[in-house]
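Worksheet: the structure to be examined is printed underneath.
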Amino acid sequence: MRRLSVFAALLVLLSLVVLQRQTATSGLDKPATRIVVPSLAADVSAQAQTRGYRMGWFLQPPEPTVASILKTMPEAAKHSDAVLIQREVPWARILAGTPMETILVEDYDGLMAYLRGTGFHVSFLVDPLDGLDRTRESNETRAAGRTLNDPALRALHEQWVELLVARYQPDFFGCASEINSLAARGDPVLFANIRDMCNRLAPLVRSLSPVTKFFVSFQVDEAWGRVTILPSAVDHFALSRTFDIDVLGLSSYPSFFFNNPSEIPADYFTKLKEASGKPVLIAEGGWSSAPPGKTESPATLTVQAEFYERFFSVLDAADPVLVIMLLFADLNLNAWLAVAPPASEPERALPFALMGLVTSDLKPKPALAVWDARFKLPFAGQ
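The numbering used here applies: residue -17 is where the sequence shown begins, and numbers increase by one.
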């Protein structure tokens, strides 16, 4: 949707950072290794003595520098045990003739060794849509003048997914992000083709990697009708039953739709879980410490912490299998704007830039203590 989607919006804004580093301790001991680093609580009740889900973020560094990456990622690892890599298919390179296996070696092998060597459990989401506008296809697809309505391009997309899954055996694999927004306001033919592609890929993913749970994500705020400027007659809850998934991903940014975290309904996540008949995971989300149109203040920092208290209370009712939020650290947006291409509409990232639980120089905000109270509970999931 045009409101911005978390990670994909940042992909449009922010160039991927390429880190070339020979790091023996992380297993990156080959000079040719190239790491592509994607952009990127607690109201603990007396009964909550463990957590049944891993927790983490899109690991987006505050600045597009090697120093920022190396400083941020080990610090984030103290507060998380999971990461989700959400990216488009690298169409520019594939359509230019670069073998898919070469792209995996150059862009993913080193990154996966680093992340897993640091202790993260890694999941993927290969996104066919534009994060700034879920009614249209991904940026590289459009730039190439192609469409997933073309069976030949869908076949390449599926081949990329199969190679990615077979090679890395991720914990969770997502085939589409906020796909209900496309169904509600986009091309019905494109939606049907992507839905069918996901449903074809589901059994293949399970066969290639039995440990991997397959999912698509739904935009929760739109499903609840909170996006009043973009009305739709689609029954988002019934739509959740049309995908062959193991888990339903949930994407939610309540700070855009509620004045206070206490307004978030207790069944905000459970309603989609019950409608789909599947377990759920949080695929992206957050609450800015500088609400749209306002500046950061002690009061807004307190409200962000209050959001995480409410978030975990609402979350407990849904019993998720994974929790991934947007940013660990705030973005130093000026540093990113210096390298962002003019066409990236960087101003659209402003509402997300201060969703981190630490500042861009890694100083903790009040919300981090709430998150850590939950993270420090022993993990009791699978």
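Every residue gets a Cβ at the ideal spot worked out from N, C-alpha and C, and that includes glycine. All values reported here derive from a predicted model rather than from experimental measurement.
DSSP-derived helix/strand/coil call for residue i
{"i": "Phe40", "result": "coil"}
{"i": "Ala64", "result": "strand"}
{"i": "Met307", "result": "strand"}
{"i": "Val71", "result": "coil"}
{"i": "Arg33", "result": "strand"}
{"i": "Phe293", "result": "helix"}
{"i": "Val48", "result": "helix"}
{"i": "Leu339", "result": "coil"}
{"i": "Asp226", "result": "coil"}
{"i": "Asp112", "result": "strand"}
{"i": "Gln364", "result": "coil"}
{"i": "Thr210", "result": "coil"}
{"i": "Lys276", "result": "coil"}
Residue i versus residue j: straight-line alpha-carbon distance, rounded
{"i": "Met307", "j": "Gly38", "result": "6 Å"}
{"i": "Asn131", "j": "Val216", "result": "21 Å"}
{"i": "Phe357", "j": "Leu283", "result": "20 Å"}
{"i": "Val285", "j": "Ala300", "result": "23 Å"}
{"i": "Ala78", "j": "Arg149", "result": "22 Å"}
{"i": "Ala74", "j": "Leu183", "result": "22 Å"}
{"i": "Thr194", "j": "Lys260", "result": "15 Å"}
{"i": "Glu288", "j": "Lys276", "result": "17 Å"}
{"i": "Asn242", "j": "Phe155", "result": "33 Å"}
{"i": "Val352", "j": "Ala335", "result": "20 Å"}
{"i": "Leu10", "j": "His218", "result": "Per-residue confidence for Leu10 stands at a pLDDT of 37, beneath the threshold of 50, marking its modelled position as unreliable; the derived number appears in the next sentence. One C-alpha to the other measures close to 44 Å."}
{"i": "His103", "j": "Pro280", "result": "34 Å"}
{"i": "Phe361", "j": "Gly34", "result": "6 Å"}
{"i": "Val340", "j": "Val87", "result": "32 Å"}
{"i": "Phe196", "j": "Ile227", "result": "5 Å"}
{"i": "Ser342", "j": "Ala134", "result": "43 Å"}
{"i": "Pro346", "j": "Pro185", "result": "43 Å"}
{"i": "Pro56", "j": "Tyr96", "result": "11 Å"}
{"i": "Pro302", "j": "Ala137", "result": "32 Å"}
{"i": "Leu52", "j": "Tyr90", "result": "17 Å"}
{"i": "Val65", "j": "Ala320", "result": "26 Å"}
{"i": "Asn121", "j": "Arg223", "result": "28 Å"}
{"i": "Ser188", "j": "Glu144", "result": "The sequence given here has Arg at residue 188, not Ser. If you take the alpha carbons of Arg188 and Glu144, they lie about 10 Å apart."}
{"i": "Gln151", "j": "Ser214", "result": "37 Å"}
First through last residue of the alpha helix (DSSP H) which encompasses residue i
{"i": "Leu221", "result": "218 to 221"}
{"i": "Val171", "result": "170 to 190"}
{"i": "Phe357", "result": "348 to 357"}
{"i": "Thr252", "result": "252 to 258"}
{"i": "Arg167", "result": "161 to 167"}
{"i": "Trp318", "result": "315 to 319"}
{"i": "Ile246", "result": "Element bounds for Ile246: n/a, residue is neither H nor E."}
{"i": "Thr80", "result": "Premise fails: Thr80 is in no alpha helix (DSSP H) and is neither H nor E."}
Spatial neighbours of residue i in its chain, beta-carbon cut-off 7 Å, leaving aside the 5 residues before and after
{"i": "Ala317", "result": "Glu45, Pro46"}
{"i": "Lys180", "result": "Looking at the sequence provided, one finds Cys at residue 180 rather than Lys. The residues are Cys157, Ala158, Val198, Phe225."}
{"i": "Gln31", "result": "Leu359"}
Limits of the unbroken beta strand (DSSP E) element including residue i
{"i": "Phe197", "result": "195 to 201"}
{"i": "Glu140", "result": "Where Glu140 is concerned, there is no enclosing beta strand (DSSP E), although the alpha helix (DSSP H) it sits in stretches over 133 to 150."}
{"i": "Glu119", "result": "115 to 119"}
{"i": "Gly99", "result": "It is not in any beta strand (DSSP E) - Gly99 instead sits in the alpha helix (DSSP H) that spans 92 to 100."}
{"i": "Ser105", "result": "103 to 108"}
{"i": "Ile264", "result": "262 to 267"}
{"i": "Val229", "result": "229 to 234"}
{"i": "Phe155", "result": "154 to 156"}
Top-ranked residue by Cα proximity to residue i, from the options
{"i": "Ala220", "options": "Val229, Arg208, Glu256", "result": "Glu256"}
{"i": "Ser50", "options": "Leu313, Pro346, Ser258", "result": "Leu313"}
{"i": "Ala311", "options": "Thr224, Trp269, Pro302", "result": "Trp269"}
{"i": "Gly231", "options": "Thr117, Ser105, Ser191, Leu41", "result": "Ser105"}
{"i": "Gln201", "options": "Tyr250, Asn181, Glu245", "result": "Tyr250"}
{"i": "Glu70", "options": "Leu319, Thr123, Lys347, His103", "result": "Thr123"}
{"i": "Phe238", "options": "Pro56, Pro274, Glu245", "result": "Pro274"}
{"i": "Asp109", "options": "Tyr96, Asn181, His139", "result": "His139"}
{"i": "Leu254", "options": "Asp343, Lys345, Glu245, Val229", "result": "Val229"}
{"i": "Met82", "options": "Leu146, Glu119, Arg118", "result": "Leu146"}
{"i": "Leu332", "options": "Leu315, Pro348, Ser295", "result": "Leu315"}
{"i": "Ala126", "options": "Tyr290, Val296, Pro72", "result": "Pro72"}
Cβ shell of residue i (< 6 Å), same chain only, five flanking positions each side left out
{"i": "Gln364", "result": "none"}
{"i": "Glu204", "result": "Ser163"}
{"i": "Ile211", "result": "none"}
{"i": "Lys12", "result": "For Lys12, the predicted model reports a pLDDT of 38, less than 50, meaning its position is unreliable and no value from the coordinates is stated."}
{"i": "Ser233", "result": "Glu160, Ser199, Gln201, Ala265, Glu266"}
{"i": "Met337", "result": "Gly268, Ser270, Leu308, Leu309"}
{"i": "Ala349", "result": "Gln286, Ala287, Tyr290, Leu339"}
Same chain, Cβ closer than 8 Å to residue i, neighbours up to 5 away in sequence not counted
{"i": "Ala174", "result": "none"}
{"i": "Leu172", "result": "Glu119, Thr129, Leu130, Asn131, Leu164"}
{"i": "Thr54", "result": "Leu41, Pro43, Pro44, Phe310, Ala311, Leu344"}
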